[in-house]
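S.K.: Protein chains in written order, with the UniProt record's numbering: chain S, 1 to 288; chain W, 1 to 288; chain P, 1 to 288; chain B, 1 to 288.
There are 4 protein chains.
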Amino acid sequence: MANSQYEYVKAFEQPDILLPNTWVVVRIDGRGFTKMCTKYAFEKPNDRRALDLMNAAAKAVMAELPDITIAYGISDEYSFVFHKGCTLFERRASKLVSTVVSTFTAYYVFNWATYFPDTPLTAPLPSFDGRAVCYPSVRNLQDYMRWRQVDCHINNLYNTAFWSLIQIGGKDNREAEKQLSGTVAADKHEILFKECSINYNNEPEIYKKGSTIFRDYELVEPGTFNAQDEGDTFPEPAQQSKTQAEKEKKRRGKAAIVVHHLDIIKDEFWNRRPWLLTNKPGKVPKET
Amino acid sequence: MANSQYEYVKAFEQPDILLPNTWVVVRIDGRGFTKMCTKYAFEKPNDRRALDLMNAAAKAVMAELPDITIAYGISDEYSFVFHKGCTLFERRASKLVSTVVSTFTAYYVFNWATYFPDTPLTAPLPSFDGRAVCYPSVRNLQDYMRWRQVDCHINNLYNTAFWSLIQIGGKDNREAEKQLSGTVAADKHEILFKECSINYNNEPEIYKKGSTIFRDYELVEPGTFNAQDEGDTFPEPAQQSKTQAEKEKKRRGKAAIVVHHLDIIKDEFWNRRPWLLTNKPGKVPKET
Amino acid sequence: MANSQYEYVKAFEQPDILLPNTWVVVRIDGRGFTKMCTKYAFEKPNDRRALDLMNAAAKAVMAELPDITIAYGISDEYSFVFHKGCTLFERRASKLVSTVVSTFTAYYVFNWATYFPDTPLTAPLPSFDGRAVCYPSVRNLQDYMRWRQVDCHINNLYNTAFWSLIQIGGKDNREAEKQLSGTVAADKHEILFKECSINYNNEPEIYKKGSTIFRDYELVEPGTFNAQDEGDTFPEPAQQSKTQAEKEKKRRGKAAIVVHHLDIIKDEFWNRRPWLLTNKPGKVPKET
Amino acid sequence: MANSQYEYVKAFEQPDILLPNTWVVVRIDGRGFTKMCTKYAFEKPNDRRALDLMNAAAKAVMAELPDITIAYGISDEYSFVFHKGCTLFERRASKLVSTVVSTFTAYYVFNWATYFPDTPLTAPLPSFDGRAVCYPSVRNLQDYMRWRQVDCHINNLYNTAFWSLIQIGGKDNREAEKQLSGTVAADKHEILFKECSINYNNEPEIYKKGSTIFRDYELVEPGTFNAQDEGDTFPEPAQQSKTQAEKEKKRRGKAAIVVHHLDIIKDEFWNRRPWLLTNKPGKVPKET
Numbered sequence: 001m002a003n004s005q006y007e008y009v010k011a012f013e014q015p016d017i018l019l020p021n022t023w024v025v026v027r028i029d030g031r032g033f034t035k036m037c038t039k040y041a042f043e044k045p046n047d048r049r050a051l052d053l054m055n056a057a058a059k060a061v062m063a064e065l066p067d068i069t070i071a072y073g074i075s076d077e078y079s080f081v082f083h084k085g086c087t088l089f090e091r092r093a094s095k096l097v098s099t100v101v102s103t104f105t106a107y108y109v110f111n112w113a114t115y116f117p118d119t120p121l122t123a124p125l126p127s128f129d130g131r132a133v134c135y136p137s138v139r140n141l142q143d144y145m146r147w148r149q150v151d152c153h154i155n156n157l158y159n160t161a162f163w164s165l166i167q168i169g170g171k172d173n174r175e176a177e178k179q180l181s182g183t184v185a186a187d188k189h190e191i192l193f194k195e196c197s198i199n200y201n202n203e204p205e206i207y208k209k210g211s212t213i214f215r216d217y218e219l220v221e222p223g224t225f226n227a228q229d230e231g232d233t234f235p236e237p238a239q240q241s242k243t244q245a246e247k248e249k250k251r252r253g254k255a256a257i258v259v260h261h262l263d264i265i266k267d268e269f270w271n272r273r274p275w276l277l278t279n280k281p282g283k284v285p286k287e288t
Numbered sequence: 001m002a003n004s005q006y007e008y009v010k011a012f013e014q015p016d017i018l019l020p021n022t023w024v025v026v027r028i029d030g031r032g033f034t035k036m037c038t039k040y041a042f043e044k045p046n047d048r049r050a051l052d053l054m055n056a057a058a059k060a061v062m063a064e065l066p067d068i069t070i071a072y073g074i075s076d077e078y079s080f081v082f083h084k085g086c087t088l089f090e091r092r093a094s095k096l097v098s099t100v101v102s103t104f105t106a107y108y109v110f111n112w113a114t115y116f117p118d119t120p121l122t123a124p125l126p127s128f129d130g131r132a133v134c135y136p137s138v139r140n141l142q143d144y145m146r147w148r149q150v151d152c153h154i155n156n157l158y159n160t161a162f163w164s165l166i167q168i169g170g171k172d173n174r175e176a177e178k179q180l181s182g183t184v185a186a187d188k189h190e191i192l193f194k195e196c197s198i199n200y201n202n203e204p205e206i207y208k209k210g211s212t213i214f215r216d217y218e219l220v221e222p223g224t225f226n227a228q229d230e231g232d233t234f235p236e237p238a239q240q241s242k243t244q245a246e247k248e249k250k251r252r253g254k255a256a257i258v259v260h261h262l263d264i265i266k267d268e269f270w271n272r273r274p275w276l277l278t279n280k281p282g283k284v285p286k287e288t
Numbered sequence: 001m002a003n004s005q006y007e008y009v010k011a012f013e014q015p016d017i018l019l020p021n022t023w024v025v026v027r028i029d030g031r032g033f034t035k036m037c038t039k040y041a042f043e044k045p046n047d048r049r050a051l052d053l054m055n056a057a058a059k060a061v062m063a064e065l066p067d068i069t070i071a072y073g074i075s076d077e078y079s080f081v082f083h084k085g086c087t088l089f090e091r092r093a094s095k096l097v098s099t100v101v102s103t104f105t106a107y108y109v110f111n112w113a114t115y116f117p118d119t120p121l122t123a124p125l126p127s128f129d130g131r132a133v134c135y136p137s138v139r140n141l142q143d144y145m146r147w148r149q150v151d152c153h154i155n156n157l158y159n160t161a162f163w164s165l166i167q168i169g170g171k172d173n174r175e176a177e178k179q180l181s182g183t184v185a186a187d188k189h190e191i192l193f194k195e196c197s198i199n200y201n202n203e204p205e206i207y208k209k210g211s212t213i214f215r216d217y218e219l220v221e222p223g224t225f226n227a228q229d230e231g232d233t234f235p236e237p238a239q240q241s242k243t244q245a246e247k248e249k250k251r252r253g254k255a256a257i258v259v260h261h262l263d264i265i266k267d268e269f270w271n272r273r274p275w276l277l278t279n280k281p282g283k284v285p286k287e288t
Numbered sequence: 001m002a003n004s005q006y007e008y009v010k011a012f013e014q015p016d017i018l019l020p021n022t023w024v025v026v027r028i029d030g031r032g033f034t035k036m037c038t039k040y041a042f043e044k045p046n047d048r049r050a051l052d053l054m055n056a057a058a059k060a061v062m063a064e065l066p067d068i069t070i071a072y073g074i075s076d077e078y079s080f081v082f083h084k085g086c087t088l089f090e091r092r093a094s095k096l097v098s099t100v101v102s103t104f105t106a107y108y109v110f111n112w113a114t115y116f117p118d119t120p121l122t123a124p125l126p127s128f129d130g131r132a133v134c135y136p137s138v139r140n141l142q143d144y145m146r147w148r149q150v151d152c153h154i155n156n157l158y159n160t161a162f163w164s165l166i167q168i169g170g171k172d173n174r175e176a177e178k179q180l181s182g183t184v185a186a187d188k189h190e191i192l193f194k195e196c197s198i199n200y201n202n203e204p205e206i207y208k209k210g211s212t213i214f215r216d217y218e219l220v221e222p223g224t225f226n227a228q229d230e231g232d233t234f235p236e237p238a239q240q241s242k243t244q245a246e247k248e249k250k251r252r253g254k255a256a257i258v259v260h261h262l263d264i265i266k267d268e269f270w271n272r273r274p275w276l277l278t279n280k281p282g283k284v285p286k287e288t
């Protein structure tokens, strides 16, 4: 029985190949997480278990997809960066996005019980949506990451102030909202300090900075690498031998994947970790 | 702290809105399921538990996304059809695809233990990729579904013959492959019957026809509806009042979602179930 | 000398194939025609020579591209409809758009002297931009055409009233604008009639209805064809034999291409000219 | 008369905005120029008048679209490079392509009589199609241009040898083709020299190198600019003040647009003309 009569329908599938030689960011977002927070009684303003679960799922994604060089997560969102030379799935957007989203979701659901042992999942289950965006230059990519971290800072400062006014200051939602309306960062710091005895600078880094995941190599000496200058001049597609590529892939596969809560806005973060942009594995750190 | 300095990066996100007034098929496929089959010792040629798990996950997807009017699954793939009038997520491809893939994955992982109680999941976890394709006419959409069901038939007949030759006929892989090479359907039927005492027509429908999922209403009388003629003349975008739309959504929400193993190639399947194409809820069947 | 070292750049070209089985409308618009009107002293509110030149160029486009079944023009814009079964240039958007725009421009510049014998062209020369839009159903396509003709009507009624108030009524621009502000169609008819002694209904059809171009066959009897019902059920891609296709192409090539100024909003226009939607050549009208 | 009933059709137009911060190359190609060459008896292997006409049209395009920083033409094709910071038409692909194609065609037809005074144009008129391709890095852009120039070289050497064997050597087409089959560049040089007394190196540069068009500023000293290093680190979108941008636009508008026949494969071409990549106007050369 031939299938040719209907096979013409295959021609309706439209290609969605992402522009070569650009950095691909796949960002995923929790669907309906406001409801989720209520349903599972997430702590406010931050639920450490929920963030740790996000990080565990993101680490698993990076382990399964070595083309990802760095990931950054805050709240219920995570951004995964595929190197500009990446040719995974021929750079098809739907394959890249759906694979990241599916893998992330699988580990999120699978690991739920580890982080919420007393709160079993029930339908409707948590899920995520995703999208892919291309960035042509290292500067564009860094600015994307900076944008997310600034967002993290703005949101966390506001949320910390808001919930502290309620939980410590005894305000209700409307009072807290009103008090914060129109304030700048310095005002919020002061409100926190004076009314809630909280020094925002002492808040946990994971809340203030979000979570950055990458492979762990030795930092290079300051001044030896300039991310922005060198970042765009790296090997164009297919300028590396297959053997070399395989070798590096293997070395990447062996590197530990670590979660940090660092300032990724400053150039220093990028300049001391050349592998994030060059995709060349660095030195494996000595164990201590 | 203003975020405006970096916000320009948002402009790099490119729209991916699917053409209005077209049927959207989101098809998902298991990633690396050949390995999965081996790892979890799926039965050959079909593992009923695995198919039931796929169907359970697909039913959950349809329950959460009422814009889906019909779904069809075989092996490790599932196709979900969004009605041509659907405006969910403004028809953004990446949102539609990622939401379907993520929801499906969540239920697949969550329900695994129900169908494989003795075989716990371990990393790497099962995951799925997906894509969206638009079909302008009812005929195109039907032909897409027919294409998948013909594929189901071709593959299942081959696999049944192949594995029967091995499991019953005592052949090894190469011998079985060689014997089937160049045979047509009738030959395979005969091989099955003569060498393995299997009448292919008596094989379970779920294997021969795949699984079709839809909302359960009363069949209409033959001859009262012609899917192909009427299917394209339905309300264009935004020709229905909001109240009406809400009312129908509610009725759809109440309908039972059922799994059948039917011939969807014949016109009869479509003509007796107008709601699959009109998206208008039918009569709720009387309980017996 | 091999060129392979640089040929990788070809991979950056991204496909832009239009969805199969949809009607493709390529609309072109004059660039900076407000300036053009002043520079070449076009008559207001309509310059017959300019419209005739537009129509001449559009006829030439249709003669060179037989896949176009109908075209509609008003002012400095023209819409060309490629049949939904069209496979010209593999339906690549940039090829379709650029070919239409280039051919149109060539004839516009070439024929200028015929219509403006006393006003030679000088740099900057007239030029046009273009875009392609897909419409899945006959109804969508018809509504697109209706949208353009309603626009023609609205603009022409306003412009006729505006310029008559100035040219006949002796008003200046601001007075005319003010008087028309907030008026409905009936008001404008009355203003024209009372203040300028113009019965709008007697204005030339080309100004009121725009220009429709198609191949000239005999009208079918009323009631024998229903454009909207039959329009979507026509042969899907590649369901016609090559010989048959060639034969029809030849017959189309022989048909006269005519310019009319008709009501294309009413169903009657479409129902009596089945070939516009079926793409099957009709009967060649007897010469009289 | 409201138009709202049909205006929904506008939603079918799909955005085609090119990725920001990438170099946009619009390449146009003559349609059916093989026939054109015969019809108008173009000289073989190169018709100087036809090339000069192409160059005149390309110069006009650059004059009308100052966002183009460089153009390169061979035979019946021309590539126009929009700077990566260009925001013309919001970077909509169809607008960019159609505008270039239309403007080019207008000047080609308009100027025909100047270059072919004795051969009037007749229908079907010459026309061009076009497409846009994005290149993320300076290296990618340069390699695109190199690819075209290498193509020019390969084709011109072959064509020169082929037509010389016929015109001077008295061979027929098949003999010439056969003799050149399998030869490398050196062989062709030798055939030309021995059999036709032609030293290929003395052929006109316009045939060997193609035509490069850009704004004319003073060359910078060798070693003061490194195109590839600096080329990617230029101002990202919107990092320049409007006043500054306007000022530079004015200066660009004043610069002479010149046609040269240079080696654009070597880095030197790019390093001595920083304005091609920075888009900052250079020094206006002193008149002599």
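Backbone N, C-alpha and C define an ideal beta-carbon position, used for all residues, glycine too.
With T278 (chain B) as the anchor, note down where its alpha helix (DSSP H) starts and where it stops.
M.R.: It spans W275 to T278 - the alpha helix (DSSP H) in which T278 (chain B) sits, taken as one unbroken run.
S.K.: If the cut is a Cβ gap below 7 Å, which residues of chain P does G130 (chain B) touch?
M.R.: Per Cβ cutoff of 7 Å: S94 and S98.
S.K.: Considering only residues of the same chain and omitting the five flanking positions on each side of L65 (chain S), which have a CB-CB separation below 6 Å?
M.R.: There are no such residues.
S.K.: For a test of the three-state rule: what should DSSP assign to C86 (chain B), helix, strand or coil?
M.R.: In the structure shown, C86 (chain B) sits in coil (DSSP, three-state: anything other than H, G, I, E or B).
S.K.: Quick check on this structure: which residue in S:F12, S:L88, S:I28 and S:E43 has the alpha carbon closest to the alpha carbon of V24 (chain W)?
M.R.: With distances taken between Cα atoms, V24 (chain W) lies closest to S:F12.
S.K.: Hey, how far is the Cα of P274 (chain W) from the Cα of L277 (chain P)?
M.R.: Straight-line Cα distance between these residues: approximately 27 Å.
S.K.: Leaving aside the five residues before and after A58 (chain W) along the sequence, list all residues of the same chain whose C-beta is less than 6 Å from its C-beta, in chain order.
M.R.: Here the set comprises A71, G73, Y78 and I213.
S.K.: Do three or more CB pairs link the region 140-147 of chain P to the region 159-176 of chain B at distances below 8 Å?
M.R.: Touching, no, given that fewer than three Cβ pairs across the two stretches are closer than 8 Å.
S.K.: Where do the N-terminal and C-terminal ends of the alpha helix (DSSP H) with F214 (chain S) fall, by residue?
M.R.: F214 (chain S) -> not in any alpha helix (DSSP H); beta strand (DSSP E) instead, spanning S211 to R215.
S.K.: Looking at chain P, is there any beta carbon in it that lies within less than 8 Å of the beta carbon of Q244 (chain S)?
M.R.: No, its Cβ sits nowhere closer than 8 Å to a Cβ of chain P.
S.K.: Looking only at its chain, what residues have a beta carbon closer than 7 Å to the beta carbon of E248 (chain S), apart from the 5 residues adjacent to it on each side?
M.R.: Once the five neighbours on either side are set aside, the close Cβ partners of E248 (chain S) are K280 and P281.
S.K.: Starting from V100 (chain W) and walking both ways along the alpha helix (DSSP H), at which residues does that stretch end?
M.R.: Where V100 (chain W) is concerned, the enclosing alpha helix (DSSP H) stretches over A93 to Y115.
S.K.: Can you tell me the Cα-Cα spacing of R92 (chain W) and R251 (chain P), whole angstroms?
M.R.: Whole-angstrom Cα-Cα distance: 43 Å.
S.K.: Per DSSP, F23 (chain S) forms a beta bridge with which residues?
M.R.: With the sequence shown as reference, residue 23 (chain S) is identified as Trp, and Phe is not the correct amino acid for it. In the DSSP output, where bridge partners are listed per residue, W23 (chain S) has S:Y135.
S.K.: CB L96 (chain B) to CB A132 (chain B), shorter than 8 Å?
M.R.: Against a cut-off of 8 Å, the Cβ pair of A132 (chain B) and L96 (chain B) comes out as a contact.
S.K.: Using the Cβ count rule (16 or more neighbours within 10 Å means buried), how would you classify S137 (chain W)?
M.R.: Under this definition S137 (chain W) is a buried residue.
S.K.: Per the contact definition of three or more C-beta pairs closer than 8 Å, is the region 80-89 of chain S in contact with the region 108-127 of chain S?
M.R.: Touching, no, given that fewer than three Cβ pairs across the two stretches are closer than 8 Å.
S.K.: Is there a Cβ of chain S sitting closer than 8 Å to that of R82 (chain W), yes or no?
M.R.: Here the sequence assigns Phe to residue 82 (chain W), which means Arg is not the residue at that position. Answer no: the Cβ-Cβ gap between F82 (chain W) and chain S never drops below 8 Å.
S.K.: State the start and end residues of the unbroken beta strand (DSSP E) segment that holds residue 297 (chain P).
M.R.: With chain P running from 1 to 288 in the structure shown, residue 297 (chain P) is simply not present.
S.K.: What's the C-alpha gap between Q228 (chain S) and Y6 (chain P)?
M.R.: Straight-line Cα distance between these residues: approximately 25 Å.
S.K.: Please classify S4 (chain P): is it buried, with 16 or more other beta-carbons within 10 angstroms of its beta-carbon, or exposed?
M.R.: So S4 (chain P) ends up on the exposed side.
S.K.: Quick check on L51 (chain S) - is its C-beta less than 8 Å from some C-beta in chain P?
M.R.: It does not; no Cβ of chain P falls within 8 Å.
S.K.: What are the boundary residues of the alpha helix (DSSP H) that includes I70 (chain B)?
M.R.: Unbroken run through I70 (chain B) is the beta strand (DSSP E), I68 to I74; no alpha helix (DSSP H).
S.K.: Between the region 61-87 of chain W and chain B, which residues of the former have a C-beta closer than 9 Å to a C-beta of the latter?
M.R.: Answer in chain order: no residues at all.
S.K.: Please list, in chain order, the chain W residues whose beta carbon lies closer than 9 Å to that of S197 (chain P).
M.R.: Within 9 Å Cβ-Cβ: nothing; S197 (chain P) doesn't reach chain W, min ~43 Å.
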